[in-house]
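Read the structure below first, then the notes.
Numbering (this note's numbering), first residue to last: 2 to 106.
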């Protein structure tokens, strides 16, 4: 990587660290993960994307603590993503896992 690129990246990182609005967003979403639930699906498929949206809606409606989701990986040549829902509360993670299991997801 050229020296100029490294310097540009360092300046960008410094600006991002100095941005108080961005830091507030990061602080709001920083918590110790107590439990997780995973959902493996193809986000390019309309029906599977719908399942992902339903799981998001469940979290918004039922989670008692903070939560976040991460799209973690693709598996092989198939276009499958692993969506990990991370919760501040183990009860929320358990409830989402049970909700997904009852639907066969």
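For glycine and all other residues, C-beta sits at the position ideal for the given N, C-alpha and C.
Between residue 35 and residue 88, the C-beta spacing is below 8 Å.
Collapsing the DSSP output to three states places residue 100 in a helix. Cβ contact annotation for residue 53 (same chain, cutoff 8 Å, sequence separation greater than five): 40, 42, 44, 84, in chain order. Closest in C-alpha terms to residue 73, from the list 65, 38, 17, 82, comes 82. Here the C-alpha atom of residue 80 lies approximately 9 Å from the C-alpha atom of residue 46. Sixteen is the threshold: since fewer than 16 other Cβ atoms of the shown chains lie within 10 Å of the Cβ of residue 20, the residue is exposed. Between residue 38 and residue 92, the gap from beta carbon to beta carbon reaches 8 Å or more. Taken atom to atom, the span from the alpha-carbon of residue 56 to that of residue 3 is near 44 Å. The beta carbon of residue 49 is closer than 6 Å to those of 42, 43 in its chain, skipping five residues each way along the sequence. Secondary structure at residue 43: coil, using DSSP grouped into helix, strand and coil.
Here the alpha carbons of residue 106 and residue 62 stand approximately 19 Å from one another.
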